[in-house]
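So the structure is just underneath, and the comments pick up after that.
There are 2 protein chains.
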Amino acid sequence: MTRRYSLIALATAVIAAVGTVSAIAQTAIGPLLYDSKGSVVAPANYRDWVFLSSGLDMSYSNPPPEGQHQFDNVFVDPAAFKGFQKTGQWPDKTVMVLEVRHAAQNVSINKAGYIQADIAGVQLHVKDNAKGGWAFYSVGANGQTSRFPDKSSCRACHESSGSVDGTFIQFYPTLIDAAKKAGTYKDGK
Amino acid sequence: MTRRYSLIALATAVIAAVGTVSAIAQTAIGPLLYDSKGSVVAPANYRDWVFLSSGLDMSYSNPPPEGQHQFDNVFVDPAAFKGFQKTGQWPDKTVMVLEVRHAAQNVSINKAGYIQADIAGVQLHVKDNAKGGWAFYSVGANGQTSRFPDKSSCRACHESSGSVDGTFIQFYPTLIDAAKKAGTYKDGK
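So the protein sequences, as listed, match chains Y and F. 0 is the number of the first residue of the first sequence in numbering that gives the first Met the number 0; add one for each residue after it. 0 is the number of the first residue of the second sequence in numbering that gives the first Met the number 0; add one for each residue after it.
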């Protein structure tokens with residue numbers, strides 16, 4: 000038995016399938032869009048974006064919370080990725096997606112270890128300077144997004160422990176060098 | 000201690016960093032290129048391609064071989080991904096990349112589970128009908144590619160157990176539905 004990504008424990012809604020998000024948000028074109036009510040539109044195409052990394056059963060608490068084994072995949076929109084590679088900083092309007100998937104064992108010919116199965120939850124981390132900077136959003140079963148309170152533990156932890164600008168660059172191996180080269184990297188404690 | 004992706008155990012060379020591949024293959028533009036000697040050029044930009052999935056400590060043998068904990072990331076060129084989504088089949092010239100990374104524990108504020116660290120090895124799976132169909136290549140420390148023998152255990156296992164056309168679609172959650180819809184999916188035993 001197991002652990003659960005503590006960030007996910009805060010989510011108020013989970014979605015059952017990628018298809019749900021895709022169906023709702025298929026009008027999204029750019030990386031950061033708001034609907035007529037001012038809510039962030041969940042990106043339909045984030046699996047076409049740049050993959051930053053995966054973790055298994057990551058937890059920032061000790062002992063970790065119990066739960067199913069889970070992978071967390073992080074994607075970022077390509078324009079933001081290119082911007083970070085050049086400057087070591089996230090440009091305004093950056094959209095990052097945390098996709099959590101159940102981990103499965105003993106599937107097909109795989110006799111050991113874990114593979115990725117269905118989606119357990121999706122969250123967004125969005126930088127919009129016109130709206131106060133970074134914010135977290137959960138993506139609900141209907142594809143609607145819900146902004147986390149600005150005093151959430153998500154935000155406090157990201158701000159104190161993220162290597163660059165409240166993001167966990169220390170866990171994204173293809174961006175660490177760019178941040179160190181630009182002098183924006185700090186050790187995340 | 001641990002397990003090792005059995006496919007990787009066959010590799011004769013590993014690379015120490017993405018940078019090595021990038022430096023050698025930076026002239027690559029399309030997904031499948033050959034150099035003047037007829038060797039496949041390792042794609043420099045595969046981290047910009049479509050991410051298919053990650054596994055941790057996957058093994059097709061029981062008990063699994065010992066070794067360090069490892070993640071395996073699989074990427075495919077975007078044109079091939081779009082082709083598969085439409086038809087449930089891989090088009091000619093498809094290039095898939097298996098990137099193996101060491102798994103690390105107790106990094107920064109992560110107190111449980113595993114994150115992805117440096118690269119342990121890179122292999123290619125290339126479909127080129129003009130050269131007999133699918134072939135596997137290892138990517139060496141100098142960025143050079145080396146074709147696996149056509150009678151390798153890699154090929155035999157992929158052909159017998161891959162869900163679609165000798166590829167492990169059963170481990171790629173964003174492609175399973177496309178294959179089932181197209182009628183190309185078979186259970187991988």
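All C-beta atoms in this analysis are idealised placements derived from N, C-alpha and C, irrespective of residue type, glycine included. A quick note: this is a predicted structure, and the numbers were derived from the prediction, not measured.
CB of residue i to nearest heavy atom of the ligand NAD: below 7 Å?
i, result
"glycine 112 (chain F)", "With respect to the ligand NAD, the structure offers nothing, as it holds no ligand at all."
Could you give the C-beta distance for residue i and residue j, rounded to a whole number, given that I count them as a contact under 8 Å?
i, j, result
"leucine 55 (chain F)", "tyrosine 59 (chain Y)", "19 Å between Cβ atoms; not a contact."
"phenylalanine 167 (chain F)", "glycine 187 (chain F)", "7 Å"
"tryptophan 48 (chain F)", "phenylalanine 74 (chain F)", "4 Å"
"lysine 36 (chain Y)", "lysine 92 (chain Y)", "Actually they do not touch by this definition, with Cβ atoms about 19 Å apart."
"glutamine 69 (chain F)", "alanine 43 (chain F)", "Contact flag wrong, Cβ pair sits at about 23 Å."
"alanine 79 (chain Y)", "threonine 144 (chain Y)", "That belief does not hold up - the Cβ atoms of alanine 79 (chain Y) and threonine 144 (chain Y) are roughly 18 Å apart, past 8 Å."
"threonine 76 (chain F)", "proline 148 (chain F)", "Here residue 76 (chain F) is aspartate; the residue named in the question, threonine, does not match the sequence. The Cβ separation is near 24 Å, so there is no contact."
"lysine 185 (chain F)", "glycine 87 (chain F)", "About 11 Å; that fails the 8 Å criterion."
Would a check of beta-carbon distances place residue i closer than 8 Å to chain F?
i, result
"isoleucine 241 (chain Y)", "Chain Y is shown from 0 up to 188; residue 241 (chain Y) falls before or after that span and cannot be answered."
"glutamine 122 (chain Y)", "no"
"arginine 46 (chain Y)", "yes"
"phenylalanine 50 (chain Y)", "yes"
"glycine 187 (chain Y)", "yes"
"tyrosine 184 (chain Y)", "no"
"phenylalanine 70 (chain Y)", "yes"
"glutamine 84 (chain Y)", "no"
"glutamine 115 (chain Y)", "yes"
"glutamine 104 (chain Y)", "no"
"serine 38 (chain Y)", "no"
Have a look at the DSSP bridge pairing and note the partners of residue i.
i, result
"alanine 111 (chain Y)", "F:Ser58"
"histidine 189 (chain Y)", "Lying outside 0 to 188, the shown extent of chain Y, residue 189 (chain Y) is not represented and no answer is given."
"serine 53 (chain Y)", "Y:Asn72"
"serine 145 (chain F)", "F:Ser137"
"alanine 103 (chain F)", "F:Ile114"
"tyrosine 33 (chain F)", "F:Val39"
"threonine 173 (chain Y)", "Paired residue(s): none; threonine 173 (chain Y) is not in a bridge."
Report yes or no: is there a C-beta of chain Y within less than 8 Å of the C-beta of residue i?
i, result
"aspartate 76 (chain F)", "no"
"arginine 146 (chain F)", "no"
"leucine 55 (chain F)", "yes"
"glycine 112 (chain F)", "yes"
"proline 172 (chain F)", "yes"
"aspartate 164 (chain F)", "no"
"glutamine 169 (chain F)", "yes"
"leucine 6 (chain F)", "Residue placement at leucine 6 (chain F) is poorly supported in this model, since its pLDDT is 37, which falls under 50; the coordinates still yield a value, given next. Closer than 8 Å: no."
"valine 96 (chain F)", "no"
"serine 152 (chain F)", "no"
"asparagine 141 (chain F)", "no"
"asparagine 109 (chain F)", "yes"
"tyrosine 33 (chain F)", "no"
"tyrosine 59 (chain F)", "yes"
"serine 160 (chain F)", "yes"
Buried or exposed, going by whether 16 or more other CB atoms sit within 10 Å of the CB of residue i?
i, result
"glycine 161 (chain Y)", "buried"
"serine 159 (chain Y)", "exposed"
"alanine 134 (chain F)", "buried"
"valine 182 (chain Y)", "In the sequence under discussion, the amino acid at residue 182 (chain Y) is glycine, which differs from the valine named in the question. Counting Cβ neighbours within 10 Å, glycine 182 (chain Y) comes out exposed, since fewer than 16 surround it."
"aspartate 71 (chain F)", "buried"
"isoleucine 28 (chain Y)", "Any reading at isoleucine 28 (chain Y) must be qualified, since the residue scores a pLDDT of 44, below 50, and its modelled position is unreliable; no value is offered."
"isoleucine 14 (chain F)", "Reliability of the predicted coordinates at isoleucine 14 (chain F) is poor, the pLDDT of 34 falling under 50, and the value obtained from them is presented with this limitation in mind. By the 10 Å Cβ count, isoleucine 14 (chain F) comes out buried."
"alanine 119 (chain Y)", "buried"
"lysine 164 (chain Y)", "Lysine is not the amino acid found at residue 164 (chain Y); the sequence shown has aspartate there. Aspartate 164 (chain Y) is buried by the Cβ-count criterion."
"glycine 131 (chain Y)", "exposed"
"tyrosine 45 (chain F)", "buried"
"glutamate 98 (chain F)", "buried"
"alanine 140 (chain Y)", "exposed"
"tyrosine 33 (chain F)", "exposed"
"alanine 116 (chain Y)", "buried"
"alanine 129 (chain Y)", "exposed"
"alanine 155 (chain Y)", "exposed"
Taking 8 Å as the threshold, find out whether the segment 105-112 of chain F comes into contact with the segment 168-186 of chain Y through three or more Cβ pairs.
yes
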